[in-house]
Amino acid sequence: MPRLFLIPNSISERGFDADPNAVSAIAHVRLFFVEGLKSARRLLKQLNPDFPLQECLFLDYNEHTTSAQIKEYVPLLKAQDSGIISESGCPCIADPGVDLVLAAHQHNMDIIPLIGPSSIVLALMASGLGGQNFAFNGYLSKDAKERAVKIKNLEKRAKQEGQTQIVMEAPYRNQNVMDDLLAHLDVKTLLCVALDITGKAQFIRTKTMQEWRNFNVPLPKKPALFIIK
């Protein structure tokens, strides 16, 4: 039975040191479902400079992929080993991949997750806020009022359930989200800000909200996670 490989991509400009076993595991794969063609081709060349890109079939798989397209992909899945490559980080974790993986399960295919960077896991590891009980909540609303309500609800869950709350944000909205966190979280609440993880501008700090208010440094426009406890 053909296998579906889940292939992580770099989360910063520095790339990452891939597991040699993972590199050899996908050496024969020629069918890839990719979130971004350019980043997928770059990754494969980083993993193996001699990777025969001209022999590969790259199919779009992103947030715009429809259920009808997924059905069209299934016969290809069943015909040969293939891989899913995210634009950044791990497939299926705050990235496309879930529907295709589920379809593969429904056809009794083997799913092979490969080792690679996840900004969510790395931020949680470095936060000091506990990974025994946590929730990843994706992106906050673009609407300021809805965002404020969500922030207060996340803080409530963190306090009542002892559950670490993680949110992700687009670089251009970092400061807006930070301003809302400063405005709506209790002074004793702990917040970790994790920016540009593994990158040249990496910044990871955990402080009380009172300390963050005194810190008051504008956040750069880099990929960010905010962790509340």
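The numbering of the sequence shown is the numbering used here, which starts it at 1362 and goes up by one. Glycine included, each C-beta is placed from N, C-alpha and C at the ideal position. Computed from a prediction, not measured in an experiment: that's the story for all the values here.
For residue i, would you say it is in contact with chain D, using Cβ-to-Cβ distances shorter than 8 angstroms as the test?
i            : result
residue 1521 : As a matter of chain content, chain D is missing from the structure shown, which is built from one protein chain.
To the nearest whole angstrom, what separates the beta carbons of residue i and residue j, a pair I think is in contact under 8 angstroms?
i            : j            : result
residue 1559 : residue 1373 : 4 angstroms
residue 1519 : residue 1541 : Not quite, the Cβ-Cβ distance comes to about 16 angstroms (not below 8 angstroms), so this is no contact.
residue 1525 : residue 1491 : 5 angstroms
residue 1461 : residue 1431 : 6 angstroms
residue 1470 : residue 1500 : That belief does not hold up - the Cβ atoms of residue 1470 and residue 1500 are roughly 30 angstroms apart, past 8 angstroms.
residue 1548 : residue 1571 : 4 angstroms
Specify the secondary structure class of residue i as computed by DSSP and reduced to three states.
i            : result
residue 1367 : strand
residue 1490 : coil
residue 1438 : helix
residue 1578 : coil
residue 1480 : helix
residue 1465 : helix
residue 1395 : strand
residue 1589 : strand
Using DSSP bridges, identify the partner residues of residue i.
i            : result
residue 1474 : 1367
residue 1500 : 1529
residue 1568 : 1552
residue 1450 : 1370
Assuming contact is defined by CB atoms lying nearer than 8 angstroms, are residue i and residue j in contact in what I supplied?
i            : j            : result
residue 1674 : residue 1483 : In this structure the chain extends from 1362 to 1590, so residue 1674 is not present and cannot be described.
residue 1509 : residue 1545 : yes
residue 1527 : residue 1496 : yes
residue 1556 : residue 1581 : yes
If we ignore side chains and look at the alpha-carbon of each, how far apart do residue i and residue j end up?
i            : j            : result
residue 1458 : residue 1452 : 5 angstroms
residue 1399 : residue 1478 : 19 angstroms
residue 1367 : residue 1445 : 5 angstroms
residue 1575 : residue 1502 : 26 angstroms
residue 1419 : residue 1394 : 6 angstroms
residue 1494 : residue 1416 : 44 angstroms
residue 1434 : residue 1568 : 46 angstroms
residue 1438 : residue 1363 : 7 angstroms
residue 1472 : residue 1423 : 19 angstroms
residue 1406 : residue 1413 : 9 angstroms
residue 1538 : residue 1440 : 45 angstroms
residue 1465 : residue 1515 : 34 angstroms
residue 1480 : residue 1450 : 7 angstroms
residue 1410 : residue 1535 : 36 angstroms
residue 1448 : residue 1428 : 20 angstroms
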